[in-house]
Structures are given as C-alpha cells and as structure tokens.
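K.L.:
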Amino acid sequence: MNTQVTIIGAGPVGLTLAVDLGLQGIKCTLVEKKPQPEFLPKMERCNARTMEIFRRMGLAEKIREAGLDGDVPMDVFVITKMTEKPLLHLKYPSVNEARKICDASEDTSEPAEPYQLISQYTVEPLLKSVAEKLPSVTLAYDTEFVDFKQDARSVVTTLRRADGSTYDLRSDYMVGCDGGASPVRKTLGIRLRGEGNLLQLRQALYRCDDLFDRLPLGDGPGHGRHYHVADNQASFLIMQDSTKHWTLHAVVESDEAMATQFEKVVGTDVDYEMLYVGEWKQNLLLADRYGHGRVFLAGDAVHLVIPTGGLGMNTGVGDAIDLSWKLAATLQGWAGPNLLRSYEVERRQIGDRNIGASRYASQGRRKWRGQWQPGFNDDTPEGQALRDNLAQVADVEQRKTNEMIGAELGYRYVDSPVIWDEPGGPEHLFRSYNPTAWTGVRMPHVWLAPGQSINDGFDRSYSFVRFTDSSDGVSELAAAFQLIGAPLRVIDLPDPKLRALYGRDMFLLRPDLHIAWRGDALPQDPMTLALLSTGYPVQGMGRHHL
Numbered sequence: 001m002n003t004q005v006t007i008i009g010a011g012p013v014g015l016t017l018a019v020d021l022g023l024q025g026i027k028c029t030l031v032e033k034k035p036q037p038e039f040l041p042k043m044e045r046c047n048a049r050t051m052e053i054f055r056r057m058g059l060a061e062k063i064r065e066a067g068l069d070g071d072v073p074m075d076v077f078v079i080t081k082m083t084e085k086p087l088l089h090l091k092y093p094s095v096n097e098a099r100k101i102c103d104a105s106e107d108t109s110e111p112a113e114p115y116q117l118i119s120q121y122t123v124e125p126l127l128k129s130v131a132e133k134l135p136s137v138t139l140a141y142d143t144e145f146v147d148f149k150q151d152a153r154s155v156v157t158t159l160r161r162a163d164g165s166t167y168d169l170r171s172d173y174m175v176g177c178d179g180g181a182s183p184v185r186k187t188l189g190i191r192l193r194g195e196g197n198l199l200q201l202r203q204a205l206y207r208c209d210d211l212f213d214r215l216p217l218g219d220g221p222g223h224g225r226h227y228h229v230a231d232n233q234a235s236f237l238i239m240q241d242s243t244k245h246w247t248l249h250a251v252v253e254s255d256e257a258m259a260t261q262f263e264k265v266v267g268t269d270v271d272y273e274m275l276y277v278g279e280w281k282q283n284l285l286l287a288d289r290y291g292h293g294r295v296f297l298a299g300d301a302v303h304l305v306i307p308t309g310g311l312g313m314n315t316g317v318g319d320a321i322d323l324s325w326k327l328a329a330t331l332q333g334w335a336g337p338n339l340l341r342s343y344e345v346e347r348r349q350i351g352d353r354n355i356g357a358s359r360y361a362s363q364g365r366r367k368w369r370g371q372w373q374p375g376f377n378d379d380t381p382e383g384q385a386l387r388d389n390l391a392q393v394a395d396v397e398q399r400k401t402n403e404m405i406g407a408e409l410g411y412r413y414v415d416s417p418v419i420w421d422e423p424g425g426p427e428h429l430f431r432s433y434n435p436t437a438w439t440g441v442r443m444p445h446v447w448l449a450p451g452q453s454i455n456d457g458f459d460r461s462y463s464f465v466r467f468t469d470s471s472d473g474v475s476e477l478a479a480a481f482q483l484i485g486a487p488l489r490v491i492d493l494p495d496p497k498l499r500a501l502y503g504r505d506m507f508l509l510r511p512d513l514h515i516a517w518r519g520d521a522l523p524q525d526p527m528t529l530a531l532l533s534t535g536y537p538v539q540g541m542g543r544h545h546l
C-alpha cells in the first residue's frame, strides 16, 4: 500500500493536518488506534488564530455551529462554592460580543475571527466528517502504529489492525501527531526536556442537564466559562460546549472522590452522572527535535504545556498548518530543501515561547492559590481577611491565564531560512497584541469591506501584494517564481489607508499568510528573493544557507 503522507494520531492536530493536505490534493492516510473519536474532556477552546486558520480552510462557521452558543458569557469566577457569592468576577465577552468588536474594527488590531468555545469531543467528529469527504484522504481508525523504517526516498510504516494482523504502508513522509507519549517520537529517540510532573490531578466529566440553567444558585456566580475554587485541592470547574456537561479538575485521593468533590463544589443537590475520571500531570516540556529525515512530529508529541492560557491544541494546529503547505510544496516538486527544514526552525521556537506563556499563566494561578490557608472559610474577621487578600491577588494573577491574545496573534518566526532577514523586530508579548507587519508574522487582518478580510483574497500560492501603483521589478519576480515552478499571484491594493496600516509598499506572503519579505522596492536581484522564500539555499545570505 502506498500514500504520500502517513499521519499517526487523529486528534485535532492530526485531523487538521489531514484535512489541510486533502484540500491541497495530497494523498494522505490518517491512522488512529481508537475505533472512533472518544467522548473525553480535553481541549475546550479554539483561540482567535486557530479560528482564522479554520476560516481559511472554510470551516469557521461549521466550528461555530457545533460549539457553544454565541450568546453565552465567557466570564471567569473565583469561588468558594457555586452557592456562595464569588470572591472575584472577571468579565469577558461572549463570542457574539467579540465578533461585534472584530466586525467594527477599522485597523489591524483585531483578528478576523474571535475565539470559539468547543470541546475536543465535539471538534474531533466534525473534522473527521470533513476528512471523510476529501477524496485524497484515507482514514484508518482501529489501527495501531507499530514501527517504521525510513531511507532517503520513503518511509515504511508497520500498522496493526484490530484483528491483530499487520501490514506495511509506504509513504513519502510520515508525521507523528500522537500525543505526549508519542510512540513515533520515542521510536526516533527524541527526548522531551523541561519541567515534568509539576502537579498531579484528576479530571472528571459529568453530565448535569440543569445546573447551567439554574445559575445563579442563591448568591453564587452566574453564567460563565470557568469557576476556580479557592481551596487546597486546586479544584477547577469548567462549563463545556453543550452547557450540559461539566469538567472538574482536583487533587483528590481516588476516582470515587471526584463525585464527592463535584457535590462539594456545587454546594447543593443536583442530578448528575459522572461519565469519566482520569489522572493527568502538569508538564512544561519541549522536544529536542521536531523530527528526523522524512518523519516529522507535531502537537503534544513535541510540546506539552499546562492548559492555563489555552495554548496546547492551538499551538498544535499552528504546527499542522506550517507543515502542511511545506509538505505539499515538496510533493508538488517546486520546494527547495530548506522549506521542510524550516518547519522545525519556525515551530520549535513557537513551542518554546508558548511553554513560556503557559508557565507565566500557571505561575499566576499558583500565586493566588498559594494565599489559601486553614481558616479561609471561617466566618470570622480573620477568615474574611484571608478571602479578601486572595481575591485581591487573584484579580491580578488570574488574568494572566485568560488574557493571551499576544501569544495567539503576535508570534513571529525569527531566523527562519525561508524568511528574508530583517534585523530587530517587535517584542514578543503574551498578553497584548500590538499589530505589526514585520517579516515572519501572520499578515495582520483588516476589513476591505463588511465580512471581507484582506486575507480572504489570498489563495494557496505566494502572494505579492502592492499597496502602491509601482510595478518596478514585479515582472522579474514573477519570472523567477515561474522558473522555479512555484505559484505566485500579484495582487494590487493601491490604497493609502492600507499603505499606512502596513507600513511598506510591497509584501511577499507565503501560502500560510506569513510575511516572507516586505519593502518599498524589490531587491536588486528578485531571483534571490524567489529562491530564498521557496526554500533554496542562496549564497551570501549567511544563516539562510543551511
């Protein structure tokens, strides 16, 4: 059996990679040891950047229709229990409110798409249904990865069917999207390094049909997304996308204790069913490499973060999209050798940066949780002082978890071999997004007309965008791309407002909409720019020559 790309692991990252390859006509086989997507609580939010990616794939509205209703508040509470007045109430816009903010923006300060609350057990079947309709995608569920061998031309992957029989699948490339325990990564002998097993918790999923509708319970918090319990067990209640399912994290001694803990946190009688209990560990780990030879790794296989900040799955989707177009370009025959090599250069630094953001957020949460002391819940002046102090600290520190727009939108690929060297660059910020059109960033969004983002007009080719009437050197650049065989579109948007927003006359955008080059005049030799951006070594470019 043969395919072009074998993908191991059908979580959101593997499914996104399979769908995006399929949309480009690349033959791929997605292998998953489970017989079907599982109803388990894991990721719960597609951030703004991920939703922009899904918009580009034509999936944003499908995701929104399947996810949480857009009117539900996203407020965050610090509580003692669900029946008592919250210690802290942080207000955040619902999806519909966030969309209004985005729609009203007249500059590049907002994303084209705000976040969407959607649970992993909802998004996986959705992406699977999309993948099933793509003729170049083959799904192999109930099939387990066993081993692989690779040489200079191909990868042969040994797989085991549910009946125990094995077979070999030959492909040009293989990608391990198989989670933190990644058998593919272990077979490659690549290590994870960093801070492991920082805290051990249990996670449980409950069905409770009427809890959300009954809120507030007495003086307790109203509708929201997260309910952090001020206790010494790290209890944390999450409303899932159906509003009828809830997830609780807590440090308890047994699976059975998670039922008691749920009742304790809710604080009143409710009908519920505990559907699942599992243990998990907080880790901040990064892989030494993102692959070897013709085998690549993406998602949790190469970076493990604490869920605070919502950067786990979302970082993995970014991995998938970066790798997808580079695999397609290579298989289509026009990419230079540096294009696939740039995957690790670009995405590993983002993995490292987002681990740092997750550390920053989790340290904030640990700081306010550390204010809890015995006597915290006592109806005494001393107990009230403890509660007031924790609320004051949480008002500063909890925001670090919920405000990560800089990490979501402002990331930039530095020292990439396929991006024109531009010394300097903006500071990497976690919590605030300062829009810039520097090389290496995603092309900032602006509306050209209601509902029409500037980025909606760019297809899977390279895009040479002109905000002025100048045509100097454009024919030479187009000829250079044609000689290489790489697709290039010239797009003219001669608008002084756009020129002022983006700060340069001309931009070269990659197929993933990251800026490969910008300037007010093309380089003296446009062929150099064409070669560099498509992955060919260019003599005299220093670090660009791998």
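All the letters of the sequence shown, read from the start, carry residue numbers 1 to 546 under full-length UniProt numbering. Virtual Cβ for every residue (Gly too), placed ideally from N, Cα, C.
Taking the alpha-carbon of Tyr502 as reference, which of Tyr413, Leu23 and Pro435 has the nearest alpha-carbon?
P.N.:
Here residue 502 refers to the residue found at position 502 when the sequence shown is read from its first residue. The candidate whose alpha carbon is nearest that of Tyr502 is Pro435.
K.L.:
So, are the CB atoms of Gly224 and Phe464 less than 7 Å apart?
P.N.:
For the purposes of this step, residue 224 is taken as residue 224 along the sequence shown, with counting starting at 1. For the purposes of this step, residue 464 is taken as residue 464 along the sequence shown, with counting starting at 1. Result no, Cβ atoms of Gly224 and Phe464 do not sit closer than 7 Å.
K.L.:
Where Gly291 and Glu344 are concerned, what is the direct C-alpha to C-alpha distance, given to the nearest angstrom?
P.N.:
The residue labelled residue 291 in the question sits at position 291 within the sequence shown. The residue labelled residue 344 in the question sits at position 344 within the sequence shown. A direct Cα-to-Cα measurement between Gly291 and Glu344 gives close to 8 Å.
K.L.:
Output needed for Leu493: all residues of its chain with C-beta closer than 6 Å, excluding positions within five of it in sequence on either side, in chain order.
P.N.:
Counting from one through the sequence shown, the residue named residue 493 turns up at place 493. Non-local beta-carbon contacts of Leu493 in its own chain, meaning distances under 6 Å to residues more than five positions away in sequence, involve Phe467 in chain order.
K.L.:
Counting only runs of 4+ residues fully inside the segment 297-346, write out the alpha helix (DSSP H) ranges in chain order.
P.N.:
312-331
K.L.:
For Val101, count neighbouring C-beta atoms within 10 Å of its own C-beta (all shown protein chains included) and say buried if the count is 16 or more, exposed if not.
P.N.:
Walking along the sequence shown from the start, residue 101 turns up at place 101. Residue identity check: residue 101 is Ile in the sequence provided, not Val. By the 10 Å Cβ count, Ile101 comes out exposed.
K.L.:
If residue 566 sits next to Ala407, beta carbons under 8 Å apart, how far is it from one beta carbon to the other, in whole angstroms?
P.N.:
For the chain, the structure presents residues 1 to 546; residue 566 sits outside this window and is missing.
K.L.:
Only counting runs of 3 or more residues, tell me where the beta strand (DSSP E) segments fall wholly within the segment 223-293, in order along the chain.
P.N.:
226-229, 236-239, 245-250, 273-281 and 284-287, all fully within the segment 223-293.
K.L.:
Tell me which residues share the same chain as Leu40 and place their Cβ nearer than 8 Å to its Cβ, disregarding the 5 neighbours each side in the sequence.
P.N.:
Looking up residue 40 in the sequence shown gives position 40. Closer than 8 Å at the Cβ level, and outside the excluded window around Leu40, lie Gln120, Tyr121, Leu205, Tyr276 and Gly278.
K.L.:
Would you kindly work out how many angstroms separate the C-alpha atoms of residue 608 and Pro125, rounded to a whole number?
P.N.:
Given that the chain is displayed from residue 1 to residue 546, the structure contains no residue 608 and the question cannot be resolved.
K.L.:
Please indicate yes or no: does the CB of Gly519 lie closer than 6 Å to some heavy atom of the ligand ADP?
P.N.:
As for the ligand ADP, it is missing from this structure, which has no ligand bound.
K.L.:
Give a yes or no on whether the C-beta atoms belonging to Gln282 and Ile306 are separated by under 7 Å.
P.N.:
One-based indexing of the sequence shown puts residue 282 at position 282. One-based indexing of the sequence shown puts residue 306 at position 306. If you check the CB distance, Gln282 and Ile306 come in under 7 Å.
K.L.:
Whole angstroms are fine: how far does the CA of Phe54 sit from the CA of Ser95?
P.N.:
For the purposes of this step, residue 95 is identified with residue 95 of the sequence shown, where counting begins at 1. For the purposes of this step, residue 54 is identified with residue 54 of the sequence shown, where counting begins at 1. It should be pointed out that residue 95 corresponds to Val in this sequence rather than to Ser. Going from the Cα of Val95 to the Cα of Phe54 covers about 16 Å.
K.L.:
Tell me the residue span of the beta strand (DSSP E) that contains Ala437.
P.N.:
The sequence position of residue 437 within the sequence shown is 437, counting from 1. First-last for Ala437: undefined, no H or E at that position.
K.L.:
Please specify which runs of the beta strand (DSSP E), each continuous and at least 3 residues long, are wholly inside the segment 477-524, giving them in chain order.
P.N.:
488-492, 506-509 and 515-519
K.L.:
Between Met57 and Pro12, how many whole angstroms is the CB-CB distance? I'm expecting something under 8 Å.
P.N.:
Taking the sequence shown and counting its residues from 1, one reaches residue 57 at position 57. Taking the sequence shown and counting its residues from 1, one reaches residue 12 at position 12. Their Cβ separation, rounded to whole angstroms, is 13 Å, which puts Met57 and Pro12 out of contact at 8 Å.
K.L.:
Kindly indicate which residue of Gly485, Arg442 and Glu106 has the alpha-carbon position closest to the one of Arg518.
P.N.:
Residue numbering aside, residue 518 sits at position 518 when the sequence shown is read from its first letter. With distances taken between Cα atoms, Arg518 lies closest to Arg442.
K.L.:
Closest by CA to Arg353, which one among Ala335, Trp280 and His428?
P.N.:
On the sequence shown, position 353 is the one that residue 353 refers to. Of Ala335, Trp280 and His428, the residue nearest in Cα terms is His428.
K.L.:
Give me the residue from Leu390, Pro426, Ser432 and Ser154 with the minimum Cα distance to Val229.
P.N.:
Indexing the sequence shown from 1 puts residue 229 at position 229. Considering only alpha carbons, the answer is Leu390.
K.L.:
Please state the DSSP three-state secondary structure of residue 547.
P.N.:
Within the shown structure, residues of the chain are numbered from 1 to 546, placing residue 547 beyond reach of any answer.
K.L.:
Could you work out which residue in Ile26, His89 and Val19 is closest to Val393 when comparing CA atoms only?
P.N.:
Taking the sequence shown and counting its residues from 1, the one referred to as residue 393 is at position 393. It is His89.
K.L.:
Taking the beta strand (DSSP E) that Glu195 belongs to, which residues open and close that run?
P.N.:
The sequence position of residue 195 within the sequence shown is 195, counting from 1. Here the beta strand (DSSP E) through Glu195 covers Leu192 to Glu195.
K.L.:
Looking only at its own chain, which residues have a Cβ that is under 7 Å from the Cβ of Leu546, when we skip the five neighbours before and after it?
P.N.:
Along the sequence shown, one-based indexing puts residue 546 at 546. Confidence is the limiting factor: at Leu546 the pLDDT is only 33, short of 50, which leaves the residue's position unreliable, though a coordinate-based value still follows. Counting only Cβ-Cβ distances below 7 Å, and skipping sequence neighbours, we find Asn338, Arg341, Pro417 and Pro537.
K.L.:
In chain order, what residues of the same chain lie with their CB nearer than 8 Å to the CB of Thr143, ignoring the 5 residues before and after it?
P.N.:
Numbered from its first residue, the sequence shown carries residue 143 at position 143. Closer than 8 Å at Cβ, skipping near neighbours: Val31, Glu32, Lys33, Leu159, Arg160, Arg161 and Ala162.
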